[in-house]
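Peer 1: Residues in the sequence shown are numbered from 118 upward in steps of one, following our numbering. Where a beta carbon is used, it is the ideal one built from N, C-alpha and C, also for glycine. Computed from a predicted structure; not experimentally measured.
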Amino acid sequence: AVVSTQSTGIVGPDSQPVPFNVEQDGKGEQYVTYKVPKFGMFNVAVNFGGMPLPNSPYKVKIAPKVDASKVKISGLAQIIRIGDNPVFEIDTSAAGDGKLEATIISPTGKVVKHVHDDDDKGHHTLKISPSEVGAYTVNLVYGKVP
Numbered sequence: 118a119v120v121s122t123q124s125t126g127i128v129g130p131d132s133q134p135v136p137f138n139v140e141q142d143g144k145g146e147q148y149v150t151y152k153v154p155k156f157g158m159f160n161v162a163v164n165f166g167g168m169p170l171p172n173s174p175y176k177v178k179i180a181p182k183v184d185a186s187k188v189k190i191s192g193l194a195q196i197i198r199i200g201d202n203p204v205f206e207i208d209t210s211a212a213g214d215g216k217l218e219a220t221i222i223s224p225t226g227k228v229v230k231h232v233h234d235d236d237d238k239g240h241h242t243l244k245i246s247p248s249e250v251g252a253y254t255v256n257l258v259y260g261k262v263p
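Right, dumping it as structure tokens:
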């Protein structure tokens, strides 16, 4: 018997079907593989030989491998003068394994160039050179979690 692709299905948290593949290895074992488009609870229904496996569909929670709430920021001043070159620090060492992405937006909506240094141990510094008067927005995404 084989896992049937016609009666196996994966449904995401938005009730949309998720594409999947059924693969077989050289030992006769079969694997259902899929790539989720977002985090959340998924229902995975697996049928074998035309019959549902016990307890199918299975509920699978897909969560980020990082805890963005553990990202710590320091040194970000409330007032920065044009001509200053402020540096602020971001500590991701306790947040899990992920990539830090930073975008800084000027008061007129332009993306601001910045220098991002990383010591590969979860300690980052961002250096910016503001050129406009007004409020800047700093957007940080860690491990694809804002």
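Checking the sheet assignment: what are the DSSP bridge partners for tyrosine 253?
Peer 2: What you label residue 253 is simply residue 136 of the sequence shown in a count that begins at 1. Answer is none; tyrosine 253 lacks a bridge partner.
Peer 1: Using a Cβ-Cβ cutoff of less than 6 Å, which residues in the same chain neighbour tyrosine 151 once the five nearest sequence positions on both sides are dropped?
Peer 2: Position 34 of the sequence shown, counted from the start, is the residue given in the question as residue 151. Once the five neighbours on either side are set aside, the close Cβ partners of tyrosine 151 are Ile127, Val135 and Phe137.
Peer 1: Could you please give the first and the last residue of the uninterrupted beta strand (DSSP E) stretch that includes aspartate 235?
Peer 2: Residue 235 sits at position 118 when you count from the first residue of the sequence shown. 231-235 is the extent of the beta strand (DSSP E) around aspartate 235.
Peer 1: Looking only at C-alpha atoms, which of Thr242, Gln195 and Pro203 sits nearest to threonine 209?
Peer 2: The residue you call residue 209 lines up with position 92 of the sequence shown. Measuring from the Cα of threonine 209, the nearest candidate turns out to be Thr242.
Peer 1: Can you list, in chain order, the residues of its chain whose CB lies under 8 Å from that of glycine 129, leaving out five sequence neighbours each side?
Peer 2: Position 12 of the sequence shown, counted from the first residue, corresponds to residue 129. Only Val135, Val153, Pro154, Lys155, Gly157 and Phe159 meet the Cβ criterion.
Peer 1: Please list the terminal residues of the continuous beta strand (DSSP E) segment that includes leucine 193.
Peer 2: Sequence index remark: in the sequence shown, residue 193 carries index 76 (1-based). Looking at the DSSP string, leucine 193 is not in any beta strand (DSSP E), and its letter there is neither H nor E.
Peer 1: Within this structure, are the beta carbons of alanine 219 and histidine 240 separated by less than 7 Å?
Peer 2: Numbered from 1 along the sequence shown, position 102 holds the residue referred to as residue 219. Numbered from 1 along the sequence shown, position 123 holds the residue referred to as residue 240. No.
Peer 1: Quick one: measure Cβ to Cβ for threonine 125 and asparagine 172, integer angstroms, because I've assumed they're closer than 8 Å.
Peer 2: By 1-based counting over the sequence shown, the position of residue 125 is 8. By 1-based counting over the sequence shown, the position of residue 172 is 55. The Cβ separation is near 14 Å, so there is no contact.
Peer 1: Quick test of your reading: isoleucine 207 and isoleucine 190, contact by CB under 8 Å. State the CB separation rounded to the nearest angstrom.
Peer 2: Here residue 207 refers to the residue found at position 90 of the sequence shown. Here residue 190 refers to the residue found at position 73 of the sequence shown. Confirmed, about 5 Å.
Peer 1: Grab the span of the beta strand (DSSP E) containing asparagine 172 for me, first residue to last.
Peer 2: Locating residue 172 in the sequence shown gives position 55, counting from the first residue. Unbroken run through asparagine 172: none, as it is neither H nor E.
Peer 1: To the nearest angstrom, how far is the alpha carbon of glycine 200 from that of valine 228?
Peer 2: To locate residue 200, count along the sequence shown from 1; it is residue 83. To locate residue 228, count along the sequence shown from 1; it is residue 111. Approximately 18 Å, taken between the alpha carbons.
Peer 1: Quick one: measure Cβ to Cβ for alanine 212 and aspartate 236, integer angstroms, because I've assumed they're closer than 8 Å.
Peer 2: Within the sequence shown, residue 212 is the residue found at index 95, counting from 1. Within the sequence shown, residue 236 is the residue found at index 119, counting from 1. About 15 Å separates the two Cβ atoms, so there is no contact after all.
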